[in-house]
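In what follows, a single structure is set out as structure tokens and then discussed.
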Amino acid sequence: MTPHPTPDPRYCPAGTPLPDPARHLPIHGPAFNADPHATYRQLRAYAPIMPVEISPGVIGYLTVTYRAALYLLLNTPTRFGKDPARWSALRQGQIPAGSPALMMMQPRDNALWKDGDEHTRLRRAITGALAGVDTHALASSVTRIADGLIDAFVGDGHADLVTQYADPLPMLTMIDLFGCPPAVGRRIVVAVTRLFDTDSDGAAANTALEAACLELTRLKRARPGRDVTTRLIAAGLTDAEMIQTILLVIGAGSTPSSNLIMNALRLIITDGRFAGSVHTGVRPLADALDEVLWHCPPVSNYSPLYAIGNQSYEGVTLQPGYPILVSFAAANGDPALPVTAGTRAGNRGHLAFSAGVHACPAPDLARIISETALERAVDRLAGLTLAVPAHELTARPATFHAGLTALPALFKPDTPQPATGRP
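The numbering of the sequence shown is UniProt numbering, which starts it at 1 and goes up by one.
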């Protein structure tokens, strides 16, 4: 599709069949990854919800305004549903087996893909299991994990803060919360990393992850502990539900948190509003998190929904059978919002944690993990700067997530902490 500088009714889906795939703007590929907001602006010029190509050959809709995103989220499950059985192309076997969209949007037996009573039951199990997390113990655990990761590179004076810090830290934290034995934990770490990397073999990663989650479930049924896995089992979930619920919670608690940490570190290092001020305490780290949650939400486009019958929004007809992705990034960046850089701190009106019945069940835990990770990095990496010009930083595939491939940094070398000195 060749973008048009002004709205063109030929590209408006209102009251017409979904346009030919060749005319859809893609939300994948190098150009989109480099500047997703350019695509959001082009789409927003036509309508608040537009047809897009989600991945090669996979067509759906994308919300590109805050109001449209909120409308869909708050009208689930009355007008819009989560069940991928409504996805016509999936039912007809038209989605390529290795499609990134399939890996991220396929049916799973967990709360994310359920409506009504089934969703309520499965979500209640998750919220109950997470409510049992001791927040003070969580902060101590994150501190211990963060210090261990930093100790591995602090003496070098340089590190990739993505692969050596932001990526492993949330995953290791989730493994700890779920009471995973080391061998099972390592398998889950590798599989989840590959599953959320849209350039990897998602099918193989999914198979490996499900096998590891089943092994963890059986171990905890035999030997319960004081952990999230045991509390999920106590809620009466079947093995199949346990596998998919573990996958959901670990995946949702790791990759998005990694993105949040790495983007907040980039902001602290490069943005004049934050560089230096967080070291002196002039500006709290929570402000950096708020800025990232508004400007660069860790999950950019997700929460697939399906119209229940013909639905419309502001003149746009949404046909049943096609996935509708909610763009949290486009919503937060909507120019119609009265939110500026100076009013983001402390403002929790963003949609980074979604909204409605499928909103993130534990945003406070996500903030504890991310803020503690930032505190340890800022406290221990003196003179933190980028090792390359900022314009050389590259984005990961941005269809679903907002992250970096690397964050090379320099800092003053220091001596690792003795293990006995860690919390």
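Note that CB positions come from ideal geometry on N, CA and C, so glycine has one too.
Practice task
Would you kindly work out how many angstroms separate the C-alpha atoms of A382 and P416, rounded to a whole number?
Solution key: 13 Å
Practice task
Can you give me the Cβ contacts of T405 inside the same chain, cut-off strictly under 6 Å, excluding the 5 residues immediately before and after it?
Solution key: T394, R396
Problem - Contacting residues, own chain, Cβ-Cβ under 6 Å from G321 (five flanking each side not counted) - result: S88
Exercise for the section: Starting from Q311, follow its DSSP beta bridges and name the residues at the other end. Expected result: L318
Handout entry: Straight-line Cα distance separating G403 from D414
Key = 28 Å
Exercise for the section: Confirm, please, whether the CB-CB distance from A264 to A235 is below 9 Å. Expected result: no
Practice task
Enumerate in chain order the residues of its own chain whose CB-to-CB distance from P168 is below 7 Å, with the five nearest sequence positions on each side excluded.
Solution key: L149
Practice task
With distances taken Cα to Cα, identify the nearest neighbour of V184 among E215, E53, I59, V142.
Solution key: E215
Exercise for the section: Indicate whether L122 and A111 have their beta-carbon atoms separated by less than 9 Å. Expected result: yes
Exercise for the section: Out of K220, V190, R218, R223, state which residue places its alpha-carbon closest to the alpha-carbon of T207. Expected result: V190
Practice task
State whether the stretch 265 to 274 contacts the stretch 241 to 254, with contact taken as three or more CB pairs (one from each stretch) at a distance under 8 Å.
Solution key: no
Practice task
Could you name the residues of the same chain whose beta carbon sits closer than 6 Å to that of D176, not counting the 5 residues immediately before and after it, in chain order?
Solution key: S141
Exercise for the section: Specify the secondary structure class of T76 as computed by DSSP and reduced to three states. Expected result: coil
Handout entry: Contacting residues, own chain, Cβ-Cβ under 8 Å from I233 (five flanking each side not counted)
Key = T217, K220, R221, P224, M242
Handout entry: For S327, the nearest candidate out of Q42, A68, A159 (CA to CA)
Key = A68
Practice task
May I ask whether a heavy atom of the ligand PLP can be found less than 8 Å away from the beta carbon of D414?
Solution key: In terms of ligand content, the structure shown is empty, and the ligand PLP therefore cannot be addressed.
Problem - CA nearest to the CA of A409, picked from Q164, G251, P51 - result: Q164
Practice task
Report buried or exposed for Q92, applying the criterion of at least 16 other Cβ atoms within 10 angstroms of its Cβ.
Solution key: exposed
Practice task
Can you say whether E392 is buried or exposed, counting buried as having 16 or more other CB atoms within 10 angstroms of its CB?
Solution key: exposed
Problem - Residues near S300 in its chain [Cβ-Cβ closer than 8 Å; skip 5 each side] - result: P36, S327, F328, A329, A398, T399, F400, H401, A402
Handout entry: Of the residues G333, S370, A125, I95, the one placed nearest G253, counting alpha carbons only
Key = S370
Exercise for the section: Output the distance between the C-alpha atoms of I54 and R194, rounded to the nearest integer angstrom. Expected result: 19 Å
Handout entry: Assigned secondary structure, V216 (DSSP; H/G/I helix, E/B strand, else coil)
Key = Strictly speaking, residue 216 in this sequence is Leu, with Val absent from that position. Three-state result, L216: helix.
Handout entry: When V58, T65, R380, F178 are compared against Q42, the one with the closest alpha-carbon
Key = T65
Exercise for the section: Given a cut-off of 9 Å, decide if I49 and I324 are closer than it, judged by their beta-carbon atoms. Expected result: yes
Exercise for the section: Counting only the same chain and skipping the five closest in sequence on each side, list residues whose C-beta sits under 7 Å from that of Y313. Expected result: P48, I49, A68, Y71
Handout entry: First and last residue of the uninterrupted alpha helix (DSSP H) at L102
Key = 100 to 105
Handout entry: 4-residue-minimum alpha helix (DSSP H) runs that sit fully inside the stretch 345 to 388, ordered along the chain
Key = 363 to 380
Problem - Local conformation of I54 per DSSP, three classes - result: strand
Handout entry: Alpha-carbon spacing of D117 relative to A366, whole angstroms
Key = 26 Å
Exercise for the section: Within the same chain, show all residues whose beta-carbon is closer than 6 Å to that of V162, passing over the 5 residues directly before and after it, in chain order. Expected result: M262, L404, A406, L407
Problem - Pair within 9 Å by beta-carbon distance, L248 and R108 - result: yes
Practice task
Rounded to whole angstroms, what's the CA-CA distance from D290 to S258? Just pull it up for me.
Solution key: 15 Å
Handout entry: Span of the beta strand (DSSP E) around A159
Key = 158 to 160
Practice task
Leaving out five residues on either side along the sequence, give the residues of the same chain with a beta carbon under 6 Å from the beta carbon of R44.
Solution key: V64
Exercise for the section: Could you tell me if W294 is buried or exposed, where buried requires 16 or more neighbouring beta carbons within 10 angstroms of its beta carbon? Expected result: buried
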